[in-house]
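A.B. asks: Following this message is one structure expressed as structure tokens.
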Amino acid sequence: MAPVRRCRLGLLAAIGLLMPVPVAGCDSGCDTTLTATEGTAQRTGSGPVNAEIQLNVSATLTSGGRGVGGVRIAFDGIPPGGGDPVDAGGAVTDANGVARYSGPADAGLASALTPITTATTISYQAQPQVLGSNNPRTPVCNLLSARSPRANLRYRP
């Protein structure tokens, strides 16, 4: 019976490693903010290839007035005319809490922008995904449910 029990405990431990770990809570004085800055998107080619849209976006994550490093930030574009947010890109915050993404737009945003033929401004948001280990002692309140306020994303076809 002992080998079976050890196997079960090992399996339960392995499953526990795969489950998301709740982020540390804070007292009522904790001030966590995520702010996206104005970004740009521009078409870099003339073909219908979605990856020909270059995206430049950034966001800053702070807690208690200090930057929070090691957190993956997802950038979601709001398609022209509204609708559900679509994937745009992602980056990890540096030691100052700043995440910058500069590269091809993810398929969701690229597909939404490809048919647009005139310069326009849409919105995008940033959302934390996973707490990393760069600043494991930094208290972060409600990290995984926080979304930044919308920021402008200027698109130039």
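Residues -24 to -1, 1 to 133 (mature numbering (1 follows the signal peptide of the UniProt record, and there is no 0)) make up the sequence shown, in order. Just so it is clear, CB atoms sit at the ideal spot from N, CA and C, and this is done for glycine as well. Model, not experiment: these values are computed from the prediction.
1) So which of ALA81, GLN105, ARG126 has the shortest CA-CA distance to ILE98?
2) What residue from ASP7, TYR77, ARG123, GLY53 has the CA that sits closest to LEU85's CA?
3) DSSP puts THR8 in a beta bridge; with which residues?
4) For SER4, count the other beta carbons within 10 Å of its own beta carbon; 16 or more makes it buried, fewer makes it exposed. Which is it?
5) List the endpoints of the continuous alpha helix (DSSP H) containing GLY84.
6) Rounded to the nearest angstrom, what separates GLY40 and ALA12 at their Cα positions?
C.D. replies: Reading off the structure:
1) Along the sequence shown, read from residue 1 onward, the residue named residue 98 stands at position 122. Comparing Cα positions, the closest option is ARG126.
2) The residue given as residue 85 occupies position 109 in the sequence shown. Comparing Cα positions, the closest option is GLY53.
3) Residue mapping note: residue 8 aligns to position 32 of the sequence shown, counting from 1. DSSP output for THR8 lists SER39 as bridge partner(s).
4) Residue 4 sits at position 28 when you count from the first residue of the sequence shown. In this prediction, SER4 has a pLDDT of 43, which is less than 50 and means its spatial position is unreliable; what the coordinates show is noted afterwards. Exposed, because fewer than 16 other Cβ atoms sit within 10 Å of the Cβ of SER4.
5) Locating residue 84 in the sequence shown gives position 108, where the first residue counts as 1. 83 to 89 is the extent of the alpha helix (DSSP H) around GLY84.
6) In the sequence shown, residue 40 corresponds to position 64, counting from 1. In the sequence shown, residue 12 corresponds to position 36, counting from 1. So the two alpha carbons sit approximately 18 angstroms from each other.
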